[in-house]
Amino acid sequence: MVVDSTRSNDRKQPAILVLEDGSHFEGIAAGAPGKTIGEAVFNTSMSGYQEILTDPSYRGQLLTFTMPHIGNYGVSGADRESMAIQASGLIVRSISRMASNYRSEISFIKWLEDNGTVAISEVDTRALTRHIRDKGVMMGAIVHGAGAADVAAIVAELRDYPDYGNEDMIARVACEQPMSVVVSQDALCETQLATGLRAAEVRLVALGSEPVATERPHVVVVDFGVKQSILRCLDRSGFRMTLVPASYGAEQIAALKPDGVLYSNGPGDPAVLDHHLASIRQTSMSHPTLGICLGHQLLARAHGASTFKLPFGHRGPNQPVMNLARKTVCMTSQNHGYAVDPTSFSQDVVITHVNLNDQTIEGFRHRTLPIFAVQYHPEAGPGPHDADDCFDDFAAAVRANL
Numbered sequence: 000m001v002v003d004s005t006r007s008n009d010r011k012q013p014a015i016l017v018l019e020d021g022s023h024f025e026g027i028a029a030g031a032p033g034k035t036i037g038e039a040v041f042n043t044s045m046s047g048y049q050e051i052l053t054d055p056s057y058r059g060q061l062l063t064f065t066m067p068h069i070g071n072y073g074v075s076g077a078d079r080e081s082m083a084i085q086a087s088g089l090i091v092r093s094i095s096r097m098a099s100n101y102r103s104e105i106s107f108i109k110w111l112e113d114n115g116t117v118a119i120s121e122v123d124t125r126a127l128t129r130h131i132r133d134k135g136v137m138m139g140a141i142v143h144g145a146g147a148a149d150v151a152a153i154v155a156e157l158r159d160y161p162d163y164g165n166e167d168m169i170a171r172v173a174c175e176q177p178m179s180v181v182v183s184q185d186a187l188c189e190t191q192l193a194t195g196l197r198a199a200e201v202r203l204v205a206l207g208s209e210p211v212a213t214e215r216p217h218v219v220v221v222d223f224g225v226k227q228s229i230l231r232c233l234d235r236s237g238f239r240m241t242l243v244p245a246s247y248g249a250e251q252i253a254a255l256k257p258d259g260v261l262y263s264n265g266p267g268d269p270a271v272l273d274h275h276l277a278s279i280r281q282t283s284m285s286h287p288t289l290g291i292c293l294g295h296q297l298l299a300r301a302h303g304a305s306t307f308k309l310p311f312g313h314r315g316p317n318q319p320v321m322n323l324a325r326k327t328v329c330m331t332s333q334n335h336g337y338a339v340d341p342t343s344f345s346q347d348v349v350i351t352h353v354n355l356n357d358q359t360i361e362g363f364r365h366r367t368l369p370i371f372a373v374q375y376h377p378e379a380g381p382g383p384h385d386a387d388d389c390f391d392d393f394a395a396a397v398r399a400n401l
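Counting along the sequence shown from 1, when you hit position 248 you're at 247 in numbering that gives the first Met the number 0, and nothing is skipped either side.
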């Protein structure tokens, strides 16, 4: 059991969340001191806060948890999806000062402080979530030591701040040079016993610095902000992997001699990344290809489709998705604020999955080529593992093409 008393919670320093429309929510400062700005969104998960906060797709966003009590089981290194907290800020109703779990290595509050994450607690997150649901996501600021008297000045600052959708944030979350992915299968993950997955350590090493399993098919993962669970699932599917920057062109990818290519998840508006589309189209026409989340949107745009922004996005582990071919429904973990326009697909593409809540596109495939994409997160982390057969389908396509 880990107990932390924090400076901010002990003295109960005031803090305020201000949205660009002038609405504001007063609370108590938590985490690292200061101010942070980002797009205010909400996630409906009841657990998995560590995986969510370390998901690179949350870069540039202020994350609201609808679950009222966060941090009660602490933080474990085995549960992260990247090496640091990626969300720009955190908004919660209540933060636990006690970590009641034998796996915990550090308290949640101390983890926020160590990562420099500005947070606000004691917020009416139900009212905030309803506001975002009704008005749509918008830019916001968490400011420690501020109150209602400061709202006008903060709103003025938000008006001059770049909108979330206008920024290319990939350079902040992706690798800078090609790396070999090494996955260690030593420790059994307590939270994934039912599925047999392991809390595998993921390491990135320089190409050629360690021996690789050359008998395994080779997948090049194009990094737009990849989650470690995706790499674990590819390893479990029998692949060796090379992680490359998003800026890698089709010729550079081909030079690595991949048997398959995966375009990863990541933050931001896919339309800002159109300079990658020519390479994505050329690569996908030549190799079995899987796109996940942002990778799904980019593959769709590379093959002629368009994307649009959802009012408040899909963020949580409880999104029902129907597989149109199999006529089955699975619960999926999701984190995206943009979707593919179903009317914009060419005749070369078949829609394979739809969201049963709002009928948005959750997956597609090419009619004649081994190109697949899903909007949801088949690796979960956190969430149900109903949809991890996506990796089995990709593995089958890669092996059929060897």
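Just so it is clear, CB atoms sit at the ideal spot from N, CA and C, and this is done for glycine as well.
Bridge-paired residues (DSSP) for residue i
i: Met138; result: Glu38
i: Ser343; result: Partner(s): none; Ser343 has no beta bridge.
i: Met240; result: Val180, Val218
i: Ala399; result: For Ala399, which the question treats as bridged, DSSP gives no partner whatsoever.
i: Met321; result: Val328, Val353
i: Phe307; result: Ala338
i: Arg85; result: Just to set this straight, residue 85 is Gln in the shown sequence, not Arg. Per DSSP, none; premise fails for Gln85.
Residue span of the alpha helix (DSSP H) that contains residue i, given as start and end
i: Gln60; result: Careful: Gln60 lies outside any alpha helix (DSSP H), inside the beta strand (DSSP E) at 60-64.
i: Ala77; result: Counting along the chain, Ala77 falls outside any alpha helix (DSSP H), and DSSP gives it neither H nor E.
i: Thr282; result: 276-283
i: Arg202; result: Unbroken run through Arg202 is the beta strand (DSSP E), 200-205; no alpha helix (DSSP H).
i: Gln49; result: 48-52
i: Ile252; result: 249-254
i: Leu298; result: 293-301
Alpha carbon of residue i to alpha carbon of residue j, nearest angstrom
i: Leu297; j: Val349; result: 16 Å
i: Ser106; j: Thr65; result: 20 Å
i: Leu203; j: Ala152; result: 44 Å
i: Asp273; j: Ala299; result: 11 Å
i: Thr331; j: Val339; result: 18 Å
i: Glu112; j: Gly30; result: 5 Å
i: Arg215; j: Val40; result: 40 Å
i: Pro319; j: Ala126; result: 25 Å
i: His384; j: Cys329; result: 9 Å
i: Asp123; j: Ile131; result: 13 Å
i: Arg171; j: Ser263; result: 15 Å
i: Gly73; j: Asp20; result: 35 Å
i: Lys34; j: Ser81; result: 23 Å
i: Gly195; j: Arg235; result: Note that Gly195 scores a pLDDT of 41, beneath 50, so its modelled location is shaky; the value from the coordinates is reported in the next line. Using only the alpha carbons, I get a separation of about 10 Å.
Contact under 7 Å by Cβ, residue i with residue j
i: Arg366; j: Asp388; result: no
i: Pro266; j: Met137; result: no
i: Gly135; j: Pro310; result: yes
i: Gly259; j: Val397; result: yes
i: Gly380; j: Ser208; result: no
i: Gly336; j: Gly315; result: no
i: Ala199; j: Arg231; result: yes
i: Gly224; j: Pro55; result: yes
i: Ser278; j: Gly248; result: yes
i: Pro257; j: Val220; result: no
i: Phe371; j: Leu289; result: yes
i: Leu261; j: Ala301; result: no
N-terminal and C-terminal residue of the beta strand (DSSP E) that residue i is part of
i: Glu402; result: Residue 402 falls outside the range modelled here, since the chain spans only 0 to 401, and no answer is possible.
i: Phe223; result: From DSSP, Phe223 is part of no beta strand (DSSP E); its letter is neither H nor E.
i: His365; result: 360-365
i: Val17; result: 13-18
Collapsed DSSP secondary structure at residue i in the structure displayed
i: Gln374; result: coil
i: Ala98; result: strand
i: Thr288; result: strand
i: Val117; result: strand
i: Ser56; result: helix
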